[in-house]
Structure formats: structure tokens, C-alpha cells
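Numbering (this note's numbering), first residue to last: 9 to 154.
As C-alpha cells, this is what we get:
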């Protein structure tokens with residue numbers, strides 16, 4: 009962004025971009041949260057700058073993701089997503105059972121299992137984690153009321 013001549017800093021921003029190659033046009037819908045859609049005219053230099061920013065953000069995202077989960081482990085987890093999802097569900101259920109004092113039969117998660125659960129949380133898609141957590145929460149709610 010250092011090379012950008014003009015930078016907007018609104019409190020909220022929604023930017024939708026559409027490209028129509030046959031018309032040689034790019035449409036942008038910009039919502040600044042004021043209730044009206046604003047028209048934006050971009051020069052080629054603006055589009056180039058946006059593409060540079062997009063590439064920089066993608067590279068930064070990949071770098072930070074690699075710090076969370078090594079790429080080879082992430083690929084393996086996603087290939088085995090169904091098994092990883094089931095494993096996360098079991099670990100999360102045991103964690104909650106012990107956290108709520110509802111389990112006597114299973115031991116609490118040991119350090120290795122907690123590390124594995126954290127790795128799965130870092131690597132699996134958020135929607136997958138949310139679905140597993142919701143399923144476990146529902147099962148425990150039935151267990152609590154039953």
C-alpha cells in the first residue's frame with residue numbers, strides 16, 4: 009500500500025468485483041455502509057495496484073497459514089478430511105465431557121491429544137469444525153437432560 013496514491017479507510021467496506029471480458033469492462037460495487045451504492049471509476053493503474061495488493065495479501069495468507077500448519081500436514085489432513093473430522097469430533101467430545109465433569113470412564117486428553125486437537129483446529133476448515141462442535145454440543149445436551 010506504500011505505493012498507492014489514495015487509500016480509503018472507512019469503518020466498514022464491502023467491495024464486489026465483476027469482470028465482463030466481452031465488454032472489456034470491470035464492474036465494482038462499493039458499499040460504505042451509508043445505504044447507497046457508490047459508483048467507482050478506476051483507471052488501469054488502479055486495477056494494477058488492486059491486483060498487486062491482492063497478490064501480496066494472498067502471499068501473506070499463505071505464509072501465515074504455513075506457520076500454523078506445515079503445508080504437508082495440511083494436505084494430508086484435507087485428503088483424509090472425513091477421518092480427521094471424526095477424530096476431531098471424538099477429541100472435542102472427550103474434552104467437553106471432562107471439562108463439564110461428566111466422564112468417569114475415559115481419561116482426560118493428554119498433552120499429545122491436546123496438541124493433535126489444536127493441529128486439527130488449525131488445519132480443518134472452519135465450517136467442518138463448527139459442524140463437529142454443534143454435533144457434540146447437541147449430543148451432550150441430550151446427555152445432560154436425559
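No residue lacks a Cβ here, since even glycine has one placed at the ideal position from N, Cα and C.
Because the structure is a prediction, the values reported are computed rather than measured.
For residue 88, no alpha helix (DSSP H) segment is defined, and its DSSP state is neither H nor E.
Remark: C-beta atoms of residue 92 and residue 128 approach each other more closely than 7 Å.
When DSSP reads this structure, residue 33 sits in a beta bridge with 28. Non-local C-beta neighbours of residue 101 in its own chain, meaning closer than 8 Å and more than five positions away in sequence, comprise 144, 147 and 148, ordered along the chain.
Rounded to the nearest angstrom, the Cβ distance from residue 99 to residue 117 is 7 Å, consistent with a contact under 8 Å.
Residue 74: member of the alpha helix (DSSP H) spanning 52-76, first to last residue.
Going by beta carbons, residue 37 and residue 56 fall outside the 7 Å limit.
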